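Here the structure is laid out as structure tokens; the discussion comes afterwards.
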Amino acid sequence: MKQIAGAVLAGGESRRFGSPKAFAKREENYFFQFAVNALRPFVQDIYIVSHPSLVSRFQQMTIDKVVIDEEMYRGQGPLAGIYTVMQRTDAEWVFVLPCDMPYIRASTVAKMMEYIDEQFDIIVSAHFGDIQPLVGIYHRRTVEHIEQLLETKNNRMMSLLECCRVRYVNEQDFLEDKIVFRNINNREEYDNSMT
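Put into structure tokens, the structure is as follows:
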């Protein structure tokens, strides 16, 4: 079995939300816990990429590794988070999830993993016409591309996809409820989704 690490990206400042989204709740569970629980059955280690101000809070709540972005790339978004995890694991693949998808399921992770293939560098969800780079599995060979992008301050996830071999997985590959891929960006979305 291929070695796979999990990465939960929780390093954003949640400006639009008004407070750290990772610690918003659905059914008495914190948002970040849904991502952790979805990954747990399938990965060797889970890394939570945190904002420096939240490290101690995460450490009080989880047995998983809590890391902050490499200093030279701090503030460059998800690409920096993926790079940071790849610097800390020997795993061949890193399964990435954001901390703000409180409907994500272990079954979705399992189905995505069925599409791991050495012909590709990245496996990404493209369900319902939405490419979601933060629901994806990244081979460690992508680290060189990531580093080049970060060095030039090009921190667009789509820039990485454009220079790699990507397998886009969609509803023709496996059908999933649309809500599974819903991420919560602001208070209004949160209030509407939790009622």
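Residue 4 in the UniProt record's numbering sits at position 4 of the sequence shown, and the numbers go up by one each step.
Just so you know, even glycine gets a beta-carbon here, dropped at the ideal spot from N, CA and C.
Here the structure is a predicted model, which is why all the values come from computation and not from measurement.
Within a 10 Å sphere around the beta-carbon of residue 149 sit 16 or more other beta-carbons, which makes this residue buried. A check of alpha carbon separations from residue 180 across 115, 111 and 123 identifies 111 as the nearest.
Of the residues 3, 5, 29 and 74, the one whose Cα lies closest to the Cα of residue 102 is 29.
In terms of CA proximity to residue 22, 100 leads the group 100, 169, 162 and 71. Between residue 5 and residue 82, the CB-CB gap reaches or exceeds 8 Å. Around the beta-carbon of residue 152, fewer than 16 other beta-carbon atoms lie within 10 Å, marking it exposed. The C-beta distance from residue 55 to residue 43 rounds to 21 Å, too long to fall under 8 Å, and the pair is not in contact.
Measuring C-alpha to C-alpha distances from residue 145 to each of 69, 62 and 161 identifies 161 as the nearest. Ranked by how close their Cα comes to the Cα of residue 172, the residues 122, 96, 115 and 72 have 115 in first place.
Around the C-beta of residue 134, 16 or more other C-beta atoms lie within 10 Å, and the residue is accordingly described as buried. Per DSSP, residue 51 is not a residue of any alpha helix (DSSP H), being assigned neither H nor E.
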